[in-house]
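Q:
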Amino acid sequence: MGSSFSFLISHENSPAAPSLGLGLGDLPESCAASVLVYLDPPEICKLAILNRAFNGASSADFVWESKLPKNYGTLIQRVFGDSDVVCKDLCKRDIYSMLCRPNSFDGGTKKVWLDKRSGKICMSVSSNGLAITGIDDRRYWSRIPTEESRFRSVAYLQQIWWLEVDGEVEFPFPAGSYSLFFRLQLGHAYKRFGRRLCNSEHVHGWDKKPMQFKLSTSDGQQATSQVYLKEPGKWIYYHAGDFVVVDSGKSTKVKFSMTQIDCTHTKGGLCVDSVLVYPSEFRKRLQRF
């Protein structure tokens, strides 16, 4: 883009065209808005500072309506309560911005947000929102505060014979394909003199049998996977399975679990942070970490 349109430049051996002095600032806001509909939100925000026309167009409700999930009103109702009250004085751009922040619900045990670029739903369930066998017995489990969790704490397993972690979430997911992950780490990370270290004192038993992950949905979908836990000191996203939402007009219940119930040996030294539900196309993004 330049300060004037290229077709206004005269060609050699042709009559000189009169200079109209037109630039991008003369573009009608309605035309600018029609362009912005085809861009993703970060690109819209960049063009908003280009000139007055794009700045005004970047606030158009129909531009941001196209970026919001089709059932965004139901999402707001589920997370915040009465959507009419919450959105009363907000334009669609402000609603998009509000939904892009990690918003807590279900007593703070879950967070949901929109991916800023794609507008797709992402969710995280804390260890406090999971049913963990023996969690109240300090001989086996403890809660450890840490800055490495978005929930500021993790469940830490010292040693146990029977490991079972269950959870569920019921949510009006927009139509699409989703992947579910458990965020786990062998060993307990801590800092000393500003350096990240890992205490692997209790890590044992994970090479004997694989961890089993399961998920099921209210419409009959099921998935199972088995993985050996590895790489102490590193947070790893273990893929439990995928599910597809066809009807965004109703809530989908997803149940999930992580078990290692072979009682022939003990296992320990495991940090359980959270369970994440991401659009399936983000799977490679998570598995880079």
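Residue numbers (UniProt numbering): 1 to 289. We put the CB at the ideal spot given by N, CA and C, even for glycine.
1) Which two residues bound the contiguous beta strand (DSSP E) that contains Cys198?
2) Apart from the five residues on each side of it in sequence, which residues of its chain come closer than 7 angstroms, Cβ to Cβ, to residue 314?
3) Going by beta-carbon coordinates alone, are Leu276 and Tyr237 separated by less than 9 angstroms?
4) For the structure I just gave you, are there three or more beta carbon pairs, one from the stretch 147 to 155 and one from the stretch 252 to 262, closer than 8 angstroms?
5) Using the Cα positions of Leu50 and Arg101, report the straight-line distance between them to the nearest angstrom.
6) So, helix, strand or coil for Gly119, using DSSP?
7) Suppose you measure from the CA of Val245 to the CA of Phe193; what does that come to, to the nearest Å?
8) Near Trp64, which residues of its chain fall below 6 angstroms by C-beta distance, leaving aside the five closest residues on each side in sequence?
9) To the nearest angstrom, how far is the alpha carbon of Lys70 from that of Arg78?
10) Name the one or two DSSP bridge partners that Cys91 has.
11) Which of the three DSSP states is assigned to Glu43 in this structure?
12) For Met258 and Arg143, I'd like the C-alpha separation in whole angstroms.
13) Between Gly269 and Leu157, is the Cβ-Cβ spacing less than 9 angstroms?
14) If we count the other Cβ atoms within 10 Å of its Cβ and call it buried at 16 or more, is Gln226 buried or exposed?
15) What do you reckon, are the CB atoms on Gly108 and Ser126 nearer than 9 angstroms?
16) Locate the beta strand (DSSP E) running through Gly167, then write down its first and last residues.
17) Quick one: grab the DSSP three-state call for Ala240.
18) I need the DSSP call for Arg52, collapsed to helix, strand or coil.
19) Could you tell me the distance, in whole angstroms, from the CA atom of Phe62 to the CA atom of Asp82?
20) Could you give the distance in angstroms between the alpha-carbon of Val86 and the alpha-carbon of Phe80?
21) What separation, rounded to the nearest whole angstrom, lies between the Cα atoms of Asp262 and Val165?
A: Reading from the atomic positions:
1) 195 to 199
2) Missing from the structure shown is residue 314; the chain here goes from 1 to 289 and no further.
3) Their beta carbons are under 9 angstroms apart, which means Leu276 touches Tyr237 by this criterion.
4) Not touching, per the Cβ criterion.
5) 26 angstroms
6) coil
7) 47 angstroms
8) Lys92, Arg93, Tyr96
9) 14 angstroms
10) Answer by DSSP bridge pairing: none, since Cys91 is not bridged.
11) helix
12) 18 angstroms
13) yes
14) exposed
15) Yes.
16) 163 to 171
17) strand
18) Helix at Arg52.
19) 22 angstroms
20) 7 angstroms
21) 14 angstroms
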